[in-house]
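The structure appears right after this line, and notes come after that.
Chains as they are written, first to last, in our numbering: chain P, 127 to 401; chain F, -2 to 266; chain L, 513 to 864.
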């Protein structure tokens, strides 16, 4: 029907084709002048995968993202648990509180952290006023991870809340009736049943953290280099589009592979939930 | 039930701390914007609007603000129209290809925005379109805003009672009249909240804008970013505050219209 | 008002045949119920008549005029849905006026007709309310008013009382019946509730698997079911297996494990099931067809006692009798029934 045609066209031309083109670009050559020439080569991938510097950046990127996902899980789970147990108006307002940070630009949120974590930032002011040392909370991986966690906790919480919602309170009541105390009920009933949400959330946060650009740059400065930063540098500064494309492919290819492994493991662990 | 750490005060306290963690940076920025002094100190040095005045006087910031606004309006109109059309079709008509189409519609959300921005940059140059003017940005923003409109309108359509339309038809209303008088008024909430999400997505958009802006055409987030990389002045806080107020207004609007429950998503589907 | 004719009407969904070459003639002003278990095609048939589905084959005629390919808005129908489908964003008045607006009636006439019908359904004074501010019964009546105010040729009702509580449902049944008689509209009423069908209908169309099983007034279907399935669907039945021994003018002599029984039926020869309703089995030898058995269970139903009786050759009988005499489980009893209360049908097919 006519309704869908313009949209499909739009998505094909401005989404599918550019991505395909980017893959194509990763196999082209970078000339001395200009961004690329139409000559096939595998040199970009050789450089992308061969240079140990790239691997270092990749490792850092993945490591920060895993940390972010783990911490976001620890913080996001209680929020989700609390949210699903709230009712009616309270839940509505809790949702507002949870989602509104998402609607604020990531630049603004990073700015807030800069004010808090900087050398003369609020936290250091507080610590110094008590005679403590100056803490290096910014322009290092710590600041970056704090910023990433801050931005992605709501996503984690929403994903987990989605799974928790589907756990009927009767199940917990049944467990209590059988003699299980509160913690037992959580570990043996609630937590296992919420795992699909936990996995979805960690997956999501990991992907988001890996592709984050603003937070590492603003909060990491020149001391932290993650892949998105490297790729943008390659594209906009070095004007080396083929290598930039190849690096993008490598980053997201590896991310995809890691996630595929993750999903496989989680399907194994969640066998009981498959219909 | 016996109250313990999992219910009552233990959980409540922990959760409160986490919410504080989530909101404090934003509140800090707003506080800095109204702070009389250069640097935000504790205790604050007094109330002042001078940074907002500086904002209004800064030609580059004002220009970026207006540009972002204009761009967001265009992107919102386009994505709302396209997203609603897509939702109407996919929820009601597509039977066999429904899943594939839904995946396609949500795909821009699944792919990291920075990657999409890169792909678009290369594409625009390769096709000779270049990145001059608003057009490339308009396309990029519409692309990433589409899924939001699609999702919210789909949700509303999904719960829509078809017998209302059949009742209207039985009373003599043709398909267009039925859509205009019965369907549209009732899904209005979903369309509007989708549009609001789209607006915010465009206004606050960073990665796509980063790659597709050209000289002389910069968006507010990018202007702010450039500013923050190399200097620190509370004018940036004033700029940020305006942006935050916009977001808050939109969240409240959405809550009033449809309720955030209806549109909260648990990640890409 | 128009008669409705369905000719060889067929509707398929993927591989399932929902309506299978249905033929049905409904007279002007008649109220017919489409009755059957879920999945029998009654709702699909209604939707076909309304124009909300298009048939694969067959014709639909209103008053002799073919409407098969007309969209719903051109068929001049009124429909009441199970969930009423009142427009939530319009007031009661606006809801009821909608059909008249579509027909471009002058505003003065619309006002007058809407007021008249709202008074008729006892909803005067609630014009400005919104549907969510009304009770279930009130919403029901608004839906009826909205459907009737346009004087449609045909009225379609799709299980309209299913969402009401039992007491209200009973009241509304008579109410709808009264309205229909007053307006004299040809009406099709879909329900899965036998009692409802029997109260309301001039004729019942019993459907199964997309086909018409039996068409006729309630009493005929109850007393003279055409197939064992019909007999089982309507009311409770006992089935006594046997073979036809002799036949004279519709009166049969059937040999069973309990002896030779006299009954009536359309079957000429061969294996039959004698259908006897539980209330037609009486304790004592007063009727010619007699069975000796033992009481297995007894349930007290208030105005009746419900017995399960074991007869010869594994025969199980269900008897409902008044409490004037009470038998205990384990007691030996004799039950008998009159030939007029016994109806022989062809052998029971496997499954429902």
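All residues carry an ideal CB built from backbone N, CA and C; glycine is no exception.
Beta-carbon proximity list for residue i, same chain, < 7 Å, skipping 5 on both sides
i, result
"residue 366 of chain P", "156 and 360"
"residue 703 of chain L", "545, 547, 671 and 709"
"residue 315 of chain P", "297, 298 and 301"
"residue 291 of chain P", "210"
"residue 799 of chain L", "848, 849 and 850"
"residue 569 of chain L", "520 and 522"
Rounded distance between the beta-carbons of residue j and residue i, thought under 8 Å
i, j, result
"residue 80 of chain F", "residue 143 of chain F", "5 Å"
"residue 15 of chain F", "residue 205 of chain P", "5 Å"
"residue 655 of chain L", "residue 598 of chain L", "6 Å"
"residue 105 of chain F", "residue 141 of chain P", "6 Å"
"residue 208 of chain F", "residue 117 of chain F", "7 Å"
"residue 846 of chain L", "residue 797 of chain L", "6 Å"
"residue 277 of chain P", "residue 232 of chain P", "6 Å"
"residue 756 of chain L", "residue 779 of chain L", "7 Å"
"residue 629 of chain L", "residue 574 of chain L", "Not a contact, Cβ separation roughly 23 Å."
"residue 114 of chain F", "residue 205 of chain F", "4 Å"
Cross-chain neighbours of residue i in chain F, by beta carbon under 7 Å
i, result
"residue 129 of chain P", "82, 85 and 86"
"residue 663 of chain L", "Under the 7 Å cutoff, chain F gives no residues; its nearest Cβ is about 12 Å from residue 663 of chain L."
"residue 238 of chain P", "22, 23, 25 and 26"
"residue 151 of chain P", "119"
"residue 148 of chain P", "115, 116 and 119"
Beta-carbon neighbours of residue i, restricted to chain F and to distances below 8 Å
i, result
"residue 222 of chain P", "248, 249, 252 and 257"
"residue 276 of chain P", "18, 19 and 22"
"residue 367 of chain P", "119"
Residues of its chain near residue i, where Cβ-Cβ distance is below 8 Å and the 5 sequence neighbours each way are ignored
i, result
"residue 311 of chain P", "298, 301 and 302"
"residue 634 of chain L", "653"
"residue 640 of chain L", "603, 604 and 605"
Partners in chain L for residue i, counting only beta-carbon separations shorter than 7 Å
i, result
"residue 179 of chain F", "599"
"residue 171 of chain F", "585"
Contacts of residue i in chain L (Cβ-Cβ under 9 Å)
i, result
"residue 183 of chain F", "599, 600 and 601"
Residue i: CB within 7 Å of a non-hydrogen atom of the ligand GDP
i, result
"residue 90 of chain F", "Ligands in the displayed structure: none, and consequently the ligand GDP is not present."
Beta-carbon neighbours of residue i, restricted to chain L and to distances below 8 Å
i, result
"residue 214 of chain F", "By Cβ distance, chain L contributes nothing, its closest Cβ being about 43 Å from residue 214 of chain F, past 8 Å."
"residue 93 of chain F", "The premise fails here: residue 93 of chain F is roughly 11 Å from chain L at the closest Cβ pair, so nothing lies under 8 Å."
"residue 163 of chain F", "562, 564, 584, 591, 593 and 597"
"residue 166 of chain F", "563, 564, 583, 584 and 585"
Closer than 7 Å at the beta carbon, the chain P residues around residue i
i, result
"residue 189 of chain F", "Here the premise fails: no neighbours, minimum Cβ distance about 15 Å."
"residue 106 of chain F", "Result: empty, since nearest Cβ-Cβ is about 11 Å, beyond 7 Å."
Sequence-distant residues of the same chain with beta carbon closer than 6 Å to residue i, five excluded per side
i, result
"residue 215 of chain F", "61"
"residue 52 of chain F", "58, 232, 235 and 236"
"residue 1 of chain F", "Residue placement at residue 1 of chain F cannot be trusted, given a pLDDT of 48 that sits under 50; the coordinates are not used to answer."
"residue 536 of chain L", "518"
"residue 288 of chain P", "323"
"residue 234 of chain P", "none"
"residue 266 of chain P", "349"
"residue 259 of chain P", "none"
Within-8 Å CB hit, residue i to chain C
i, result
"residue 595 of chain L", "In summary, chain C is missing from the structure at hand, where the protein chains are P, F and L."
Neighbour list for residue i in chain F, Cβ cutoff strictly below 9 Å
i, result
"residue 192 of chain P", "In chain order: nothing, as chain F lies at least about 17 Å away."
"residue 614 of chain L", "165, 168, 169, 170, 171 and 174"
Contact set between residue i and chain P, taken where Cβ atoms lie within less than 8 Å
i, result
"residue 150 of chain F", "Within 8 Å Cβ-Cβ: nothing; residue 150 of chain F doesn't reach chain P, min ~12 Å."
Practice problem: Within the region 54 to 141 of chain F, note down every full beta strand (DSSP E) run reaching 3 residues or more, in order along the chain. | Solution: The DSSP assignment places no complete beta strand (DSSP E) segment of no fewer than 3 residues inside the region 54 to 141 of chain F.
Quiz item: Are there three or more Cβ pairs, one per stretch, closer than 8 Å when the region 795 to 811 of chain L is compared with the region 827 to 842 of chain L?
Solution: They touch, by the three-pair rule.
Quiz prompt | Inside the region 621 to 683 of chain L only - alpha helix (DSSP H) runs reaching at least 4 residues | solution = List check, alpha helix (DSSP H) in window: 648 to 660.
Quiz item: Can you give, in chain order, each stretch of the beta strand (DSSP E) that sits fully within the region 186 to 241 of chain F and has at least 3 residues?
Solution: As far as the region 186 to 241 of chain F is concerned, it has no whole beta strand (DSSP E) run of at least 3 residues.
Quiz item: With contact counted as at least three CB pairs below 8 Å, one residue from each stretch, are the region 244 to 262 of chain P and the region 155 to 171 of chain P in contact?
Solution: Under the three-pair Cβ rule at 8 Å, the region 244 to 262 of chain P does not count as touching the region 155 to 171 of chain P.
Exercise. Could you tell me whether the region 219 to 237 of chain F touches the region 129 to 136 of chain F, using the rule of 3 or more Cβ pairs below 8 Å?
Key: Taking one beta carbon from each stretch, the region 219 to 237 of chain F and the region 129 to 136 of chain F have fewer than 3 pairs nearer than 8 Å; the two do not touch.
Quiz item: Does the pairing of the region 244 to 256 of chain F with the region 214 to 232 of chain P give three or more beta-carbon distances under 8 Å?
Solution: The region 244 to 256 of chain F, when compared against the region 214 to 232 of chain P, does touch it at the 8 Å Cβ threshold.
Practice problem: Report yes or no: do three or more beta-carbon pairs, one from the region 163 to 179 of chain F and one from the region 585 to 593 of chain L, lie closer than 8 Å? | Solution: Yes, they touch.
Exercise. Check whether the region 157 to 166 of chain F touches the region 176 to 186 of chain F, counting contact only when three or more Cβ pairs, one atom from each stretch, lie closer than 8 Å.
Key: Using a C-beta cut-off of 8 Å, the region 157 to 166 of chain F makes contact with the region 176 to 186 of chain F, since at least three inter-stretch Cβ pairs fall below that distance.
Practice problem: Please specify which runs of the beta strand (DSSP E), each continuous and at least 3 residues long, are wholly inside the region 718 to 761 of chain L, giving them in chain order. | Solution: The qualifying runs are 723 to 728 and 750 to 760.
Self-check item: In chain order, each beta strand (DSSP E) run of at least 3 residues that lies wholly inside the region 768 to 824 of chain L
Solution: You should have 771 to 777, 783 to 788, 801 to 812 and 817 to 822.
Quiz item: Looking at C-beta atoms only, is the number of pairs between the region 816 to 824 of chain L and the region 836 to 854 of chain L that lie closer than 8 Å three or more?
Solution: A contact exists between the region 816 to 824 of chain L and the region 836 to 854 of chain L.
Exercise. Would you be able to state if there are at least three C-beta pairs under 8 Å between the region 349 to 358 of chain P and the region 176 to 189 of chain P?
Key: Result yes; three or more Cβ-Cβ pairs closer than 8 Å.
Self-check item: Every unbroken beta strand (DSSP E) inside the region 246 to 301 of chain P [3 residues or more]
Solution: As for any beta strand (DSSP E) of minimum length 3 sitting wholly inside the region 246 to 301 of chain P, there is none.
Quiz item: Can you list the alpha helix (DSSP H) stretches of 4 or more residues lying completely in the region 192 to 254 of chain P, in chain order?
Solution: If we require 4 residues or more, the alpha helix (DSSP H) runs fully inside the region 192 to 254 of chain P come out as 214 to 225 and 232 to 243.
Quiz item: Three or more beta-carbon pairs under 8 Å between the region 332 to 346 of chain P and the region 373 to 387 of chain P, yes or no?
Solution: Contact check between the region 332 to 346 of chain P and the region 373 to 387 of chain P: three or more CB pairs, one atom from each, fall below 8 Å, which counts as touching.
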